[in-house]
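Student: Protein chains in written order, with the working numbering: chain A, 467 to 778; chain B, 467 to 778.
1. To the nearest angstrom, report how far apart residue 593 (chain B) and residue 471 (chain B) are at their CA atoms.
2. In whole angstroms, give me the CA-to-CA distance for residue 691 (chain A) and residue 509 (chain B).
3. In whole angstroms, what separates the C-alpha of residue 697 (chain B) from that of residue 492 (chain B)?
4. Quick check on DSSP: helix, strand or coil for residue 418 (chain A)?
5. Would you call residue 614 (chain B) buried or exposed, if buried means 16 or more other Cβ atoms sit within 10 Å of its Cβ?
6. Assuming residue 547 (chain A) is part of the beta strand (DSSP E), what are its boundary residues?
7. From B:567, B:524 and B:712, pick the residue whose C-alpha is nearest to that of residue 544 (chain B); which is it?
8. Roughly how many angstroms separate the alpha carbons of residue 675 (chain A) and residue 527 (chain B), rounded to a whole number?
9. For a contact meaning CB atoms closer than 8 Å, what does residue 722 (chain A) contact in chain B?
10. Any C-beta of chain A within less than 9 Å: which residues of the stretch 672 to 691 of chain B qualify?
11. Would you say residue 590 (chain A) lies against chain B (beta-carbon separation less than 8 Å)?
12. Excluding the 5 residues flanking residue 598 (chain A) on each side, which residues of the same chain have their C-beta closer than 6 Å to its C-beta?
13. Could you list the residues in the stretch 716 to 741 of chain A with a C-beta less than 8 Å from some C-beta on chain B, going in chain order?
14. Listing by chain order, which chain A residues have their CB less than 8 Å from the CB of residue 498 (chain B)?
15. Using the beta-carbon count (16 or more within 10 Å), is residue 749 (chain A) buried or exposed?
16. From the DSSP secondary-structure annotation, give me the bridge partner or partners of residue 596 (chain A).
17. Using a Cβ-Cβ cut-off of less than 7 Å, list which residues of the stretch 745 to 756 of chain B approach chain A; keep chain order.
18. Let me confirm a value: residue 756 (chain A) is counted as buried when at least 16 other C-beta atoms fall within 10 Å, else exposed. Which label applies?
19. Could you pull out every residue in the same chain whose Cβ sits closer than 6 Å to the Cβ of residue 644 (chain B), ignoring the five residues on either side in sequence?
20. Helix, strand or coil for residue 643 (chain B) per DSSP?
21. Pick out the complete alpha helix (DSSP H) segments inside the stretch 706 to 775 of chain A, 4 residues or longer, and give them in chain order.
22. Distance check for residue 769 (chain B) and residue 533 (chain B), CA to CA, integer angstroms please.
23. At a CB-CB cut-off below 7 Å, which residues of chain B make contact with residue 578 (chain A)?
24. Three or more C-beta pairs under 8 Å: does that hold for the stretch 699 to 708 of chain A against the stretch 728 to 740 of chain A?
25. Is residue 689 (chain B) closer than 8 Å to residue 661 (chain B) when the C-beta atoms are compared?
26. Could you tell me whether the Cβ of residue 620 (chain A) comes closer than 8 Å to any Cβ of chain B?
27. Which residues of chain A have a Cβ atom closer than 7 Å to the Cβ of residue 651 (chain B), listed in chain order?
28. If you run the structure through DSSP and keep just helix, strand and coil, what is residue 663 (chain B)?
29. Please tell me whether residue 778 (chain A) has its Cβ less than 8 Å away from any Cβ of chain B.
30. To the nearest whole angstrom, what separates the beta carbons of residue 611 (chain B) and residue 631 (chain B), a pair I think is in contact under 8 Å?
31. With DSSP as the reference, label residue 523 (chain A) as helix, strand or coil.
32. Within the 8 Å Cβ cut-off, does residue 769 (chain A) reach chain B?
33. So residue 474 (chain A) is in the alpha helix (DSSP H); what residue range does that whole segment cover?
34. In three-state terms, what does DSSP make of residue 506 (chain B)?
35. Would DSSP call residue 479 (chain A) helix, strand or coil?
36. Determine the contact status of residue 542 (chain B) and residue 561 (chain B), defining contact as a CB-CB distance below 8 Å.
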């Protein structure tokens with residue numbers, strides 16, 4: 467089944483301790499779509515400016531990402547400039563030029579409105595609500611957000627959260643949203659808002675997933691060379707949703723496998739700048755990394771203890 | 467097989483956002499021994515002052531912890547005072563009164579010198595080396611340390627590290643010791659120093675274990691009520707070493723199960739102040755928590771992907 471994603475397509479300028487790049491292809495919807503396109507068909511709704519090069523259009527189209535909903539309007543494409551310190555865990559935003567994104571009003575093409583899978587990438591929650599009003603009844607709706615919306619539009623955001631099935635946010639956002647430091651307490655609050663599955667991304671510390679009945683924890687793959695974490699969260703979401711849309715399996719076991727595929731894709735994304743690693747990525751590599759996650763986390767069932775030295 | 471542990475027995479005064487306690491039983495060797503005593507016999511070498519109450523001696527003895535090596539000398543027992551902020555991840559030391567611990571010179575009773583399992587808790591590396599000179603050839607030697615020794619006695623510490631099989635430290639210590647931010651690189655350096663198994667404790671983020679061939683990652687158990695993390699690291703080490711000494715199984719699978727038992731014990735320890743939770747802990751609870759770790763981390767093998775939407 468295909469996925470509809472609404473989000474940003476942008477140019478990123480990124481500086482890390484290991485190098486820097488300027489005006490490379492980025493944006494939440496770009497990372498999400500590229501990642502998800504390894505698993506399923508993707509329909510992208512976003513807006514770019516007149517400066518968006520054919521080369522980048524061809525890249526997205528070449529990944530079988532449908533671009534009927536990618537509007538091109540006069541003006542400049544959204545540009546983000548950020549910087550990472552040595553711990554690579556958090557981006558410091560240096561500049562944000564919304565440009566054409568400032569007046570973005572997502573128009574969902576009629577062909578996409580009965581989509582089964584919908585991902586609302588990190589954009590203004592009022593725009594996310596707009597999108598929800600334009601679609602029918604997707605089987606699975608997931609969304610992301612960021613600290614900026616949590617502080618500036620908390621009510622609009624809560625209305626969106628009440629309507630989604632899956633909330634994919636990071637640790638800081640979970641704490642900011644609920645005013646709870648403890649993640650179990652934060653999760654309980656968010657699940658009470660109507661979310662069925664809460665996915666908390668923790669950067670180098672992995673992922674925690676809470677649903678009504680269970681908790682699932684996956685470590686991040688311990689990588690030697692982490693070059694650029696930009697887009698890792700959206701790449702995770704793309705792998706996660708992409709796999710779910712591929713199989714349609716929304717069981718606990720299926721969702722857990724989707725979390726692993728999301729983690730697999732994110733672990734590749736950070737190995738190079740921008741989308742470079744995904745451009746070279748092959749299925750054997752994806753499968754090998756999945757197996758590596760299994761080897762990383764595998765341990766045996768409760769063994770029998772020899773004797774009971776002290777205690778009952 | 468029994469374990470010999472050399473470390474501190476102390477009184478702790480701890481303040482957390484949820485309450486505080488004064489002069490409660492603590493110390494690295496105390497937490498380690500109590501935890502390990504659920505799995506095997508423990509021989510404890512430490513020093514306390516004249517103020518150490520019979521009640522606490524009875525508690526340790528009641529756990530089948532052999533106290534022949536617990537010296538009692540004139541003076542006051544080691545006292546530590548610390549404070550945790552809301553994130554509960556790191557203790558801020560407010561006061562350290564070494565007291566009798568200042569002139570501690572571990573004397574290993576002759577009956578312990580052929581011990582198969584040795585744990586050198588966090589004490590002066592020169593004292594750790596003293597202990598190594600007094601024992602024969604233990605089958606498994608593990609040690610812990612802290613930032614204070616890494617900066618004040620790095621050469622002495624490296625000599626100890628070269629002689630141990632297992633190094634159990636936290637993330638910050640791994641980075642400080644190797645001057646590497648990246649843990650894979652830090653691990654490679656430490657394994658090159660002679661360590662066979664490196665266990666990196668990451669507080670609420672779990673445990674990473676590196677050996678020559680493999681990496682194992684375990685998340686921390688997501689707890690709702692974390693009251694007091696004091697002693698969690700030593701409690702982890704006690705469960706880990708205790709299980710290894712119980713089975714003698716030093717295979718990769720056995721060491722992984724030991725990591726889980728260490729994590730199980732630490733997850734209980736933080737639920738209450740001091741040793742209170744371990745005082746009430748039962749084997750059914752330990753087993754249930756082990757099973758919970760399995761449920762927390764379990765996922766299925768690589769599935770077959772339906773079709774290959776884009777790519778080879």
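Positions of the beta carbon are idealized from the N, C-alpha and C atoms, including for glycine.
Tutor: In short, the structure shows the following:
1. Spanning the two alpha carbons is a distance of roughly 13 Å.
2. Distance between the alpha carbons of residue 691 (chain A) and residue 509 (chain B): 43 Å.
3. Roughly 7 Å between the two C-alpha positions.
4. Look at the range of chain A in this structure, 467 to 778, and you will see that residue 418 (chain A) is not part of it.
5. Its Cβ having fewer than 16 others within 10 Å, residue 614 (chain B) is exposed.
6. Looking at the DSSP string, the run of the beta strand (DSSP E) that includes residue 547 (chain A) is 544 to 550.
7. Nearest of B:567, B:524 and B:712 to residue 544 (chain B), Cα basis: B:567.
8. Whole-angstrom Cα-Cα distance: 42 Å.
9. Those within 8 Å of residue 722 (chain A) in chain B are 764, 765 and 766.
10. The stretch 672 to 691 of chain B vs chain A, Cβ under 9 Å: 672, 674, 676, 680, 681, 682, 683, 684, 685, 686, 687, 688, 689, 690 and 691.
11. Put simply, the CB of residue 590 (chain A) is far from chain B, with every gap to its CB atoms at 8 Å or more.
12. Excluding sequence neighbours, residue 598 (chain A) sits near 629.
13. Hits within the stretch, in order: 719, 722, 723, 725 and 726.
14. Among the residues of chain A, none has a CB under 8 Å from the CB of residue 498 (chain B); the nearest is roughly 14 Å distant.
15. Result: exposed.
16. Per the DSSP secondary-structure output, residue 596 (chain A) pairs with nothing in a beta bridge.
17. Residues of the stretch 745 to 756 of chain B with a C-beta atom less than 7 Å from some C-beta of chain A are 748, 749, 753 and 756, listed in chain order.
18. It counts as buried.
19. For residue 644 (chain B), where only same-chain residues beyond five positions count, the Cβ hits under 6 Å are 652 and 655.
20. The answer is helix: DSSP assigns residue 643 (chain B) an H, G or I state.
21. Those alpha helix (DSSP H) runs which fall completely within the stretch 706 to 775 of chain A and span 4+ residues are 718 to 735, 742 to 746 and 749 to 763.
22. Taking the Cα positions, residue 533 (chain B) is about 54 Å away from residue 769 (chain B).
23. Here the premise fails: no neighbours, minimum Cβ distance about 17 Å.
24. The stretch 699 to 708 of chain A, when compared against the stretch 728 to 740 of chain A, does touch it at the 8 Å Cβ threshold.
25. Contact: no.
26. Cβ-Cβ to chain B under 8 Å: no for residue 620 (chain A).
27. Within chain A, the residues near residue 651 (chain B) are 690.
28. Residue state, collapsed to three classes: strand.
29. Summary for residue 778 (chain A): the model assigns pLDDT 44, below 50, so the residue's position carries little reliability; its value from the coordinates is reported in the next sentence. Judged by the 8 Å Cβ criterion, residue 778 (chain A) is in contact with chain B.
30. Not quite, the Cβ-Cβ distance comes to about 15 Å (not below 8 Å), so this is no contact.
31. Helix at residue 523 (chain A).
32. Yes, because at least one Cβ of chain B sits closer than 8 Å to the Cβ of residue 769 (chain A).
33. No residue range can be given for residue 474 (chain A), since it is assigned to no alpha helix (DSSP H) and is classified by DSSP as neither H nor E.
34. Reduced to three states, the DSSP call for residue 506 (chain B) is coil.
35. Shown here, residue 479 (chain A) sits in a strand according to DSSP, grouped into three states.
36. Going by C-beta atoms, residue 542 (chain B) is not nearer than 8 Å to residue 561 (chain B).
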